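Novice: The structure's right below; bear with me while I get my questions together.
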Amino acid sequence: MQQDLRRIDSISQNMANVLTPGYKRQVLMSKDFSQQVQQGLAAVTALPAAGIAPGSATQLSIDASAGTLRYTGNPQDLAIDGMAFFEIATPEGPAYTRQGSLHTDARGRLVTAAGAAVMGAGGDIVVKGPFAVDANGDVRQGERVLTRLKLVSFANPEALLPLGGGAYAQGGARVAELDVAPSVRSGYQENSNVNTSQEMVRLSDTMRHFEALQRVIQGYDDSLEKTIRKLGEF
27 MQQDLRRIDS
37 ISQNMANVLT
47 PGYKRQVLMS
57 KDFSQQVQQG
67 LAAVTALPAA
77 GIAPGSATQL
87 SIDASAGTLR
97 YTGNPQDLAI
107 DGMAFFEIAT
117 PEGPAYTRQG
127 SLHTDARGRL
137 VTAAGAAVMG
147 AGGDIVVKGP
157 FAVDANGDVR
167 QGERVLTRLK
177 LVSFANPEAL
187 LPLGGGAYAQ
197 GGARVAELDV
207 APSVRSGYQE
217 NSNVNTSQEM
227 VRLSDTMRHF
237 EALQRVIQGY
247 DDSLEKTIRK
257 LGEF
């Protein structure tokens, strides 16, 4: 039942972010048996006195597949064509996003819609006045190249940790070099990759499974209650 509740929560997150640009749907994956055994052994080593808390047989992953690109015509809207993420700065450290609706803050830094500073090759990107971004990710003012956007690719992007609003911490994801360099599309935003119909089917299936488990548990409770009553008659 706990797994069903976690699955319902992930579906709710997906449905709530269906219109969030660059959002990647959450998927609850079953861990293989060897992984569960390894985690159990690690728990024994780390907590010999306290015992082992019940582990989860599932883990949260993200579906890193690209969403469709939507033309906006706004040169400050950017989308990545390829498997990479913009690096942004957060109070907790570097994070990554596919959400490229950019503007400048009061300090002249290039930031996301949520106000996180977008990273370039040398750190913060400071622009004064109108700017443009070419397919290579070069930030330009007129003919002058200010810097290049820092695009980061991962060998296993499904291991990124959701932070909310389409941003992700690195988590267990490993940085990797791609054979084909990603390109930047100016004037576009990437839609979320959430399919509403599929999420509704997943929710319906999960609810049916949850209700079936509830009926099984209720049956066990009724049987136990009858057994206790019979024992009390002796």
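Residue numbering for the sequence shown follows this note's numbering, starting at 27 and increasing by one per position.
Note that CB positions come from ideal geometry on N, CA and C, so glycine has one too.
Every value quoted in this text rests on a predicted model; they were computed, and no experiment measured them.
1. Quick check: the segment 167–180 against the segment 192–210, are there 3 or more CB pairs under 8 Å?
2. By the DSSP assignment, the beta strand (DSSP E) with arginine 96 in it spans what residues?
3. Along the chain, where does the beta strand (DSSP E) that runs through glutamate 216 open and close?
4. Can you look up isoleucine 151 in the DSSP assignment and give me helix, strand or coil?
5. Rounded to whole angstroms, what's the CA-CA distance from glycine 192 to arginine 174? Just pull it up for me.
6. Beta-carbon separation of aspartate 150 and alanine 142 under 8 Å?
7. For the structure I just gave you, are there three or more beta carbon pairs, one from the segment 32–50 and one from the segment 212–229, closer than 8 Å?
8. Does DSSP put aspartate 131 in a helix, in a strand, or in coil?
9. List the endpoints of the continuous beta strand (DSSP E) containing serine 87.
10. Can you look up glutamate 203 in the DSSP assignment and give me helix, strand or coil?
11. Starting from glycine 166, trace the beta strand (DSSP E) both ways and give me its first and last residue.
12. Could you tell me if lysine 154 is buried or exposed, where buried requires 16 or more neighbouring beta carbons within 10 angstroms of its beta carbon?
13. With burial defined as no fewer than 16 other Cβ atoms inside 10 Å of the residue's Cβ, what is the status of serine 87: buried or exposed?
14. Would you please state the rounded distance, in angstroms, between the beta carbons of leucine 128 and glutamine 102? I believe it to be under 8 Å.
15. DSSP state of aspartate 35, grouped into three classes?
16. Give the secondary structure of leucine 186 by DSSP, where H, G and I count as helix, E and B as strand, and everything else as coil.
17. Apart from the five residues just before and just after threonine 98, which ones in its own chain have a Cβ nearer than 8 Å to its Cβ?
18. Please identify the residue among Ile106, Gln85 and Asn100 whose C-alpha is closest to the C-alpha of serine 91.
19. Quick one, are the C-beta atoms of alanine 207 and alanine 121 less than 8 Å apart?
20. For arginine 211, which option in Leu189, Ala110 and Thr130 has the closest C-alpha, if you only look at C-alpha atoms?
21. Could you pull the DSSP bridge partners for glycine 119 from this structure?
22. Could you spell out the range, first to last residue, of the beta strand (DSSP E) harbouring alanine 193?
Specialist: The relevant details are as follows:
1. By the Cβ rule, the segment 167–180 counts as touching the segment 192–210, because three or more pairs are nearer than 8 Å.
2. According to the DSSP assignment, arginine 96 belongs to the beta strand (DSSP E) that extends over 95–97.
3. Residue range 214–216 is occupied by the beta strand (DSSP E) that includes glutamate 216.
4. In the structure shown, isoleucine 151 adopts coil according to DSSP, grouped into three states.
5. Spanning the alpha carbons of glycine 192 and arginine 174 requires a straight line of approximately 22 Å.
6. Using a Cβ distance threshold of 8 Å, aspartate 150 and alanine 142 do not count as a contacting pair.
7. These segments touch.
8. For aspartate 131, the secondary structure class from DSSP, reduced to helix, strand or coil, is coil.
9. First-last of the beta strand (DSSP E) with serine 87: 84–88.
10. When secondary structure is reduced to three states using DSSP, glutamate 203 falls in the coil class, being assigned neither helix nor strand.
11. A small correction: the amino acid at residue 166 is arginine; glycine does not occupy that position in the sequence shown. It spans 164–167 - the beta strand (DSSP E) in which arginine 166 sits, taken as one unbroken run.
12. With fewer than 16 Cβ atoms within 10 Å of its Cβ, lysine 154 is classed as exposed.
13. Classified as buried, serine 87 has 16 or more neighbouring CB atoms from the shown chains inside 10 Å of its CB.
14. Confirmed, about 5 Å.
15. In the structure shown, aspartate 35 sits in a helix (DSSP, three-state: H, G or I).
16. Three-state result, leucine 186: coil.
17. Annotation for threonine 98: Gly213, Tyr214 and Gln215 place their beta carbon closer than 8 Å to its own, counting only its chain and skipping 5 residues before and after.
18. Nearest C-alpha to serine 91: Ile106.
19. With contacts defined as CB atoms closer than 8 Å, alanine 207 and alanine 121 fail to qualify as a contacting pair.
20. Nearest of Leu189, Ala110 and Thr130 to arginine 211, Cα basis: Ala110.
21. Bridge partners of glycine 119: Thr116.
22. Run containing alanine 193: 193–195, per the beta strand (DSSP E) assignment.
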